[in-house]
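Numbering (full-length UniProt numbering), first residue to last: 1 to 165.
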């Protein structure tokens, strides 16, 4: 793993699977349906962003793509599964890529980039899958979700980084 030392490939695989499950659960159990946008608000991005900061872009992409996409599938939002898989996978990958493992400022910039991916990615997808009105309406909800996820991720990152070093 890029940032956190592990003893074996098996432990890396297990940690990734646990974080995928955690991303699925955070997405599912913080779900607040939003009328008019055909989607829902959640804080599953907290797991994606924090994982990408601590583990790197490869694991951030896996956790981001698979966990929330499973949540969409389990919650009956099948139309969002491919959208979520791509958008959240890119989010995890870019957060891990932008973060340079040196400063809190770098972590903040990386999570903000992740938040921008959430808003822009869902806007573009919803524009073509649904219609421009749904895409525009989702900007507010996705922005709130992104901002909350950045704040919570930064708090968790600060706590976990000290404990994992």
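We treat Cβ as the ideally placed atom computed from N, Cα and C, and that holds for glycine.
Among the options, which residue has its Cα nearest to the Cα of residue i?
i: residue 86; options: 75, 33, 104, 62; result: 62
i: residue 83; options: 127, 57, 104; result: 127
i: residue 141; options: 46, 47, 33, 54; result: 33
i: residue 74; options: 152, 45, 23; result: 23
i: residue 88; options: 43, 134, 155; result: 43
Distance cutoff 7 Å, beta carbons only. Does residue i sit that close to anything in chain B?
i: residue 45; result: Among the protein chains of the structure shown there is no chain B, as only one such chain exists.
Just to check my reading of the structure: residue i and residue j have Cβ atoms closer than 8 Å, yes? What is that Cβ distance to the nearest angstrom?
i: residue 69; j: residue 79; result: The pair is not a contact, with the Cβ atoms about 12 Å apart (cut-off 8 Å).
i: residue 121; j: residue 90; result: 7 Å
i: residue 71; j: residue 27; result: 4 Å
So what's residue i in DSSP terms, helix, strand or just coil?
i: residue 32; result: strand
i: residue 111; result: helix
i: residue 58; result: helix
i: residue 121; result: helix
i: residue 143; result: helix
What residue does the alpha helix (DSSP H) around residue i start on, and which one ends it?
i: residue 39; result: Counting along the chain, residue 39 falls outside any alpha helix (DSSP H), though it belongs to the beta strand (DSSP E) covering 39 to 41.
i: residue 88; result: 81 to 98
i: residue 8; result: It is not in any alpha helix (DSSP H) - residue 8 carries neither H nor E in the DSSP assignment.
Spatial neighbours of residue i within its chain, please: CB distance less than 6 Å, with the 5 preceding and 5 following residues excluded, ordered by chain position.
i: residue 107; result: 53, 99, 157
Keeping to the same chain, check which residues put their C-beta closer than 8 Å to that of residue i; ignore five residues upstream and five downstream.
i: residue 145; result: 41, 42, 43, 45, 118
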